[in-house]
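Reading the sequence shown from the start, the letters are residues -8 to 407 in the numbering used here.
A virtual CB, placed ideally from N, CA and C, is assigned to each residue, including glycine.
The model shown is predicted, which means the values in this text are computed figures rather than measured ones.
Single-structure report; data block below.
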Amino acid sequence: MPDAHSTEDLPPFPFPGSSYRGPAPLFARLRRERPVVRVAWQGGGHAWLITRYADIKAALEEPRLSRAAAYAPGAPAFSGLFQAPPGMIISVDPPDHTRLRALTEQAFSAQRIEAMRPRVRELAGRLLDSVERAAKTTGGPVDLVAAFAAPLAMTVICELLGVPEADRDRFHTWVRQFADVSAPAELSAEGGRKLGEYIAGLVAAKQQAPGNDVLSALITARLEAPHSPVQRLAFDELVALGFTLLGAGFDSSAGQIANFTLALLADHPDAWRHLAEHPEDIPPAVEELLRTVNLNGNDTSGLPRIATEDVVVGGVTIPAGDAVFLAFPSGNRDAAVFDRPDHVDLRRTGPGHLAFGHGIHRCLGAPLARLELAVALEELTRRFPGARLAVAEQELCWRLGDVNHNPLALPLHLHS
């Protein structure tokens, strides 16, 4: 059997065969035989891939696997990979991360997000009213992505940041451009520049006239400690956090609303009808769908970590200076943790999944994502218990080159 350092019997990474249904089939063999393995990157270079649940959690708790070092001169670089801008909360290590997280959590608390539930439900209801009117007018299918998933996620994150309604179409265009790793690098850079300029202007405006939104709350957040000056977020940090909340709050949520709907209607139509009659079962269903529906376009978070010293993970020594990727979707299919891991059990209880990560970099937007996904499923199943796909699943087109698995469109017939 080849050892962890051998790449000869493995295809270049990212592996073929990944989809919203789950990670590439090769991961099952790697979890059994080589859970920490060196892989060749498609565009050149090498990295380490960690595939088991316990090893992924251990790596996330290992301070010598650094996010900040990925931005240092001479750090390994990977073509075709979306790399979060430096300075974002997901791009720094303690103590900078500790300070940013403490300030951010004041404004982005679970209580604040939960208070948004009535508004999210109202927005979902209005969008679905329009969806139903359109279906009655045309007599044909409706596209859930364009008519519901994308506008719901975009409206929620724009209201969270305080983006005026008149600017949201431009905002959406720049987000898509920024996240497309298959396009020429200059186009992604242009999208990022326009987003950065816009968010900077938004921060400056709210510093002068704060509103009732999270960006304004971030501006006023303070940390006070004995014998220490009061700490607050600097202007550049506020702009970086705007990027962070945008990425976590729009693209991922919109993609998973569509992916969850597709997974249920394609493979579990009885479960869709059950949830329509038993909305109390939607919260555990959301957790199981988060575990089994693969959002990650390359089966990892896409955020490399760099070993700042030799580090042993899963019995394998990762040399200093090497890059490490964590395969969250693979960890979520680990039979050592989850009984019948490839089976979707919408009432599953037990260990938590890794969809939102673990440790200090656990997703800040997890409460918002859970809220949006639950409200979306509640409203969709309640209003359209007979919904069905309007095309065969293999006819669906997917947005290529994005960070996430995102269907371009999801045509549905709303009633059976």
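>> Report the start-end ranges of each beta strand (DSSP E) in the region 32 to 98 that is 3 residues or longer and not cut off at the edges.
In response: 37 to 41
> Taking only runs of the alpha helix (DSSP H) that begin and end inside the region 4 to 30, which ones reach a length of at least 4 residues, in chain order?
Replying inline: 17 to 24
> From Arg374 to Ala267, what does the alpha carbon distance come to, in whole angstroms?
Replying inline: 8 angstroms
> At what residues does the alpha helix (DSSP H) containing Thr283 begin and finish?
Replying inline: 273 to 283
>> On the CB-based measure, 16 or more other CB atoms within 10 Å of its CB, does Ala61 come out buried or exposed?
In response: buried
> Using DSSP with H/G/I as helix, E/B as strand and the rest coil, what is Asn250?
Replying inline: helix
>> Judging by CA-CA distance, which residue of Arg110, Val307, Gly306 is the nearest neighbour of Glu150?
In response: Arg110
>> Please state the DSSP three-state secondary structure of Asp261.
In response: helix
> In the structure shown, what three-state DSSP assignment does Leu362 receive?
Replying inline: helix
> Hey, Gly130 and Val194: beta-carbon distance below 8 angstroms or not?
Replying inline: no
> What three-state label does DSSP hand Pro402 in the structure shown?
Replying inline: strand
>> Run through the DSSP bridge pairs and tell me what Asp134 is partnered with.
In response: Pro402
> What residues in its chain sit with their C-beta under 7 angstroms from that of Ala49, if we drop five residues either side in the sequence?
Replying inline: Val304
> Can you list, in chain order, the residues of its chain whose CB lies under 6 angstroms from that of Ile80, leaving out five sequence neighbours each side?
Replying inline: Leu91, Thr235
>> Excluding the 5 residues flanking Phe241 on each side, which residues of the same chain have their C-beta closer than 7 angstroms to its C-beta?
In response: Ala144, Met145, Ile148, Val166
> How about the region 349 to 356 and the region 42 to 59: do they share at least three Cβ pairs that are nearer than 8 angstroms?
Replying inline: yes
>> Could you give the first and the last residue of the continuous beta strand (DSSP E) run that contains Phe316?
In response: 314 to 317
>> Here's a check: name, in chain order, each residue in its chain whose Cβ is nearer than 7 angstroms to the Cβ of Gln198, leaving out the five neighbours to either side.
In response: Ile210
> What is the DSSP secondary structure of Val230, reduced to helix, strand or coil?
Replying inline: helix
> alpha helix (DSSP H) containing Arg296: first to last residue?
Replying inline: Looking at the DSSP string, Arg296 is not in any alpha helix (DSSP H); the run it does join, the beta strand (DSSP E), is 296 to 298.
> Hey, Pro3 and Trp39: beta-carbon distance below 8 angstroms or not?
Replying inline: no
> Does the Cβ-Cβ distance between Ile273 and Glu369 come in under 8 angstroms?
Replying inline: yes
> Starting from Thr146 and walking both ways along the alpha helix (DSSP H), at which residues does that stretch end?
Replying inline: 141 to 152
> Distance, Cα to Cα, Phe6 vs Ala15?
Replying inline: 6 angstroms
>> Mapping the DSSP letters down to three states, classify Arg112 as helix, strand or coil.
In response: helix
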